[in-house]
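This report refers to the structure that appears directly beneath it.
Chains as they are written, first to last, in our numbering: chain A, 1 to 300; chain B, 1001 to 1300.
Below, the structure is given as structure tokens:
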């Protein structure tokens, strides 16, 4: 029974294709790993690489990508609209098939130790792999970002889980963790006013009384001259994409603002989109497993 | 290279499960055929069976289903809201994989001849298999339905393509044909007024100046006390489900009527629903082949 883990490292480079390509090549050079997706965002100045494979191969590939990013990215020169603390900002392991969350937690701990020991980069364990409750959440770890963490990391409560209590001089620090499958979902607004996006983000996100399983921030996309609500949907089976979007639309209407488009960054499970189709088409008694042709042809 | 044909016979029985089950058993008894879906509709008093297999096996299975329906269904006693001319009302062959439309046309002709010769049921060839231009369209063949065709069939222009120019005394007549993949899509309205459904059907269907590739009729569902726009979408890649539904919604609003729900009868290609999700979620740059997790996992 083959075990499949997904790994979705985020690197702090979204503008120089040659840098992104070299990081992706380092990941792909590990046998048994398949890179499914690379999304580079110039505004965020950040790339999201999605790959899958057996757990041991994924650990190797994540380490190779992190080592390449440490060679190629200098955080002293990095600017971008997305919060970040390091060249490899975050590496989550996600159970996909025949793998438990506990196995992904262990994988994160092994990778974190290795990054600290071999690359000298301080590592924070986050998500399900967190060893302190306040580190379950990435925003807590990233508070102050790369620039602020330079001095903050010396305070005991901000010491990393692995490695020295000081940032790597060019690669910063890295978050390594485990989490369930999430959907990265961005909603673009027909206004450049980032405060509108921020107010919408506050209204819809869990931490401020909004929808559970939703993290949201409001950011400004200078290349598009548009504000964006950038979200992570942590449990799209229970808090679906379409309901989140509808709430964003209602909140945006409050400011006379509308949605010009949305994007799914990286991968999405088919069921999330089929659920959205069923919702908007008002489908009654729809059973994807029985009615979607492709699902039936594969089975026969 | 395995050839896959889909066959979607419609039988004039949607209320007696024992009859439907016996017809399905007859189809399933043919080796190499997989029944993917059975939809019985009490209002239409009609069942739609979807099965796939290699061409020769599908021909066998379609014949077995037609023979069972001829034994079990008496058209003299049949009442239902969907137009029909026989116990087995229509048998389309649909190319799915490594099969041409021409092969499906030939399959239809062979099956039609056999139904006429062995069961004594007159057969009309329709769709891509039609031998007279006016028989491409089912409504032309079904004009007057079972009751009207009893006398009409004697007129030369309504003679069947195979078999005698008189209806089978209990099984009526059968349409056999070939067609591209279609989506059977019904939209339920919050009114029992069938004339509203009929006016909407006229507005949206190709034949009266509406959307191309759309056939539509308005019917009354007595079990639900609701009117319904019942449609076939003949080329959902070009005239997608979501655009058809939006036009129905606009037309319904004209009468102060709204949509309470919709249903897809039988199978639907995943891409049709993904396109609907992308439309309503306003997705930018969405690439299902690259971003839908299941499509990638199957490939690796």
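All residues carry an ideal CB built from backbone N, CA and C; glycine is no exception. Only a predicted model underlies this, so the values are computations on that prediction, with no experimental measurement involved.
Taking the CA atoms as reference points, residue 1192 of chain B sits about 13 Å from residue 1252 of chain B. Chain A has no Cβ within less than 7 Å of the Cβ of residue 1197 of chain B. Residue contact check for residue 1201 of chain B against chain A: no CB pair falls below 7 Å. DSSP places residue 1097 of chain B in the strand class (E or B) of the three-state scheme. Residue pairing by DSSP places residue 1133 of chain B opposite no residue, since no beta bridge is assigned to it. By the rule that beta-carbons nearer than 7 Å mark a contact, residue 261 of chain A touches chain B.
Leaving aside the five residues that flank residue 16 of chain A on each side, none in its chain has a CB nearer than 6 Å to its CB. None of the residues of the region 157-186 of chain A has a beta carbon lying less than 7 Å from any beta carbon of chain B.
Apart from the 5 residues on each side of it in sequence, residue 221 of chain A sits with its Cβ closer than 6 Å to the Cβ of 43 and 228 in its chain, given in chain order. Secondary structure at residue 208 of chain A: helix, using DSSP grouped into helix, strand and coil. Taking all protein chains shown into account, residue 1262 of chain B has 16 or more neighbouring C-beta atoms within 10 Å of its C-beta and is therefore buried. For residue 69 of chain A, the nearest beta carbon of chain B is not closer than 7 Å to its own beta carbon. Neighbours of residue 1255 of chain B in chain A, taken as residues at a C-beta separation under 7 Å, are lacking, since the least C-beta distance is about 18 Å. Here DSSP, grouped into helix, strand and coil, assigns residue 230 of chain A to strand.
Around residue 1013 of chain B, no beta-carbon contact reaches into chain A at under 8 Å, the shortest distance being about 20 Å.
Boundaries of the beta strand (DSSP E) around residue 1040 of chain B: 1033-1041. Here the region 29-49 of chain A makes no contact with the region 91-100 of chain A; the two share fewer than three CB pairs at distances below 8 Å.
Against chain A, a Cβ distance below 9 Å from residue 1221 of chain B picks out nothing, because the smallest value is about 12 Å.
Counting only the Cα atoms, residue 7 of chain A lies some 52 Å from residue 1019 of chain B. Within chain A, the residues 292, 293 and 294 have their CB atoms less than 9 Å from the CB of residue 1269 of chain B, given in chain order. Per the C-alpha coordinates, the member of B:1052, B:1122, B:1284 and B:1241 positioned closest to residue 1162 of chain B is B:1122. For residue 164 of chain A, the three-state secondary structure derived from DSSP is coil. Residues of the same chain with a CB within less than 7 Å of the CB of residue 114 of chain A, apart from the 5 flanking positions on each side, are 63 in chain order. For residue 219 of chain A, the enclosing beta strand (DSSP E) covers residues 214-221. The three-state reading of DSSP puts residue 190 of chain A in coil, since its state is none of H, G, I, E or B. In chain B, no part has a C-beta under 9 Å from the C-beta of residue 72 of chain A; the shortest such distance is about 25 Å.
Between the beta-carbon of residue 23 of chain A and that of residue 65 of chain A there is about 5 Å, and that keeps the pair under the 8 Å contact cut. Rounded to whole angstroms, the gap between the alpha carbons of residue 174 of chain A and residue 230 of chain A is 21 Å. Cβ proximity to chain B below 8 Å picks out 34, 36 and 37 from the region 14-47 of chain A. Residue 175 of chain A is bridged by DSSP to A:90 and A:124. Inter-residue distance for residue 235 of chain A and residue 1241 of chain B is about 28 Å (C-alpha atoms, whole angstroms). Chain A has a Cβ within less than 7 Å of the Cβ of residue 1284 of chain B. Straight-line spacing of the CA atoms in residue 1074 of chain B and residue 1149 of chain B works out to 15 Å. Assignment of beta strand (DSSP E) within the region 250-291 of chain A, counting only whole runs of 3 or more residues, yields 259-265 in chain order. Put simply, the CB of residue 277 of chain A is near chain B, with a gap under 7 Å to one of its CB atoms.
Taking a C-beta distance under 7 Å as the contact criterion, residue 3 of chain A and residue 99 of chain A qualify as a contact pair.
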